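S.K.:
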Amino acid sequence: MSKTYYTLITGASEGLGKAFALECAKRNMNLVLVALPHSGLHELADFIQRNFSVSVHVFEKDLSDPVSCHELFSKVQKQQLHLQVLINNAGIGSTISFGEGSIELYEKQIKLNVLATTIITRLFLDNLEHNTPSYILNVGSMASFFFLPKKQVYGGTKSYIHFFSKSLRKEVKRDGIHVSVLCPGGINTNLAVTLLNKTGTWLSKLSIMDPEEVAPIAINGLLKGKAVIVPGMLNNFFMLLDKLLPEYIKTMITNYGMKKMKPDDQYSRLLRKRVAA
-8 MSKTYYTLIT GASEGLGKAF ALECAKRNMN LVLVALPHSG LHELADFIQR
42 NFSVSVHVFE KDLSDPVSCH ELFSKVQKQQ LHLQVLINNA GIGSTISFGE
92 GSIELYEKQI KLNVLATTII TRLFLDNLEH NTPSYILNVG SMASFFFLPK
142 KQVYGGTKSY IHFFSKSLRK EVKRDGIHVS VLCPGGINTN LAVTLLNKTG
192 TWLSKLSIMD PEEVAPIAIN GLLKGKAVIV PGMLNNFFML LDKLLPEYIK
242 TMITNYGMKK MKPDDQYSRL LRKRVAA
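Note that the working numbering has the sequence shown beginning at -8, numbered continuously upward.
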């Protein structure tokens, strides 16, 4: 009897995660969607099942709690769902001076961006190994390449994701598992981030992408086995400049750009609300 394969997506209720879910559904990929409780996940699943001929399973979990990661694994195993693609998308971003950020923000950011990705990947590794060729996509950031003011903890978590992904890729390739890391620039993932993106320089605004643009690029790159996926021509141009420009010029550019990016009160309120959730 042939297996039914699934794609598991974390942080699937909004922004890039939601775009991933819709993009995979368009490609006739069955889905396991994971997001916070009361985040609209069931409504998204209903929409997908009404409009695409795919199976969708929904699990509401706060993955910043390691216990929830293990509970998710147990439920997927209990339902005998065969994973062929794992997309670790759940995460918390921030653009804030280190001294202004709360311990609670940094703690939750590290738990979700780093620990949850690590635990979930380890838990589902055997499942993926039994359904090869299989794929892991970890969502990193261009912040892992640049040392940006106000991105110290966030950039640190994404640097971990970058290193983790590229090292794991070398280990599991022989087992038929392909690992890619997505390193986007700014994305209008939710209201808070969209508000923040509007405060940057004119050049940084040009590089901002919508989730619906990034998702197909990411999935195409994943299925082609690319190690690092940087979406957008301008973002790739920035990567080239990083290799060519002297360090002092890059420092001047990044410092100027981050000074222009000043979160307003509405952004700050939305960020605090997300951390408290």
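Backbone N, C-alpha and C fix where the C-beta goes; we use that ideal spot for every residue, glycine too. Being a predicted model, the structure only gives us computed values, none of them experimental.
Is it true that the CB of N80 sits closer than 7 Å to the CB of G177?
M.R.: no
S.K.: Identify every run of the alpha helix (DSSP H) within the stretch 85 to 150, keeping only runs that are complete inside it and at least 4 residues long; order them along the chain.
M.R.: 94 to 101 and 108 to 120
S.K.: Can you grab the Cα-Cα spacing for the pair S156 / L173, in whole Å?
M.R.: S156 and L173: Cα-Cα distance of roughly 10 Å.
S.K.: For L128, tell me which candidate among V76, L225 and F154 has the shortest Cα-Cα distance.
M.R.: V76
S.K.: Given a cut-off of 7 Å, decide if I199 and G212 are closer than it, judged by their beta-carbon atoms.
M.R.: By the CB criterion at 7 Å, G212 and I199 fall outside the cutoff.
S.K.: So is A218 buried or exposed if we call it buried at 16+ other beta carbons inside 10 Å?
M.R.: exposed
S.K.: Under a Cβ-count criterion, where at least 16 other Cβ atoms within 10 Å of its own Cβ denotes burial, should N118 be classed as buried or exposed?
M.R.: Classification of N118: buried, given that the 10 Å Cβ count is 16 or more.
S.K.: With a CB to CB cut of under 8 Å and the five nearest residues on each side skipped, what residues in its chain are close to W193?
M.R.: Reliability fails at W193, whose pLDDT of 37 lies under 50, so the model's placement of it is uncertain and no value is given.
S.K.: Going by the CB atoms, is the gap between H29 and V49 shorter than 7 Å?
M.R.: no
S.K.: Would E14 and A206 be called neighbours here (beta carbons separated by less than 7 Å)?
M.R.: A contact, by the Cβ cut-off of 7 Å.
S.K.: Would you identify the three-state DSSP class for S171, choosing helix, strand or coil?
M.R.: Note: S171 maps to strand in three-state DSSP.
S.K.: Count the C-beta pairs between the stretch 129 to 140 and the stretch 94 to 101 that are closer than 8 Å, then say yes if the count reaches three, no if not.
M.R.: These segments do not touch.
S.K.: When you compare only the Cα positions, how much space is there between A134 and S150?
M.R.: 8 Å
S.K.: Hey, would you say S55 sits closer than 7 Å to L103, going by beta carbons?
M.R.: yes
S.K.: Just to confirm the assignment, what range does the beta strand (DSSP E) spanning V49 have?
M.R.: V47 to E51
S.K.: Run through DSSP, which three-state label would L7 get?
M.R.: helix
S.K.: So A3 and L24 are supposed to be a Cβ contact under 8 Å. How far apart are they, rounded?
M.R.: 4 Å
S.K.: Return yes when the Cβ of G216 is within less than 7 Å of the Cβ of H169, no when it is not.
M.R.: yes
S.K.: Could you tell me how far apart the beta carbons of Y(-3) and L63 are, in whole angstroms, since I believe they sit closer than 8 Å?
M.R.: The C-beta distance from Y(-3) to L63 rounds to 13 Å, too long to fall under 8 Å, and the pair is not in contact.
S.K.: Mapping the DSSP letters down to three states, classify V23 as helix, strand or coil.
M.R.: strand
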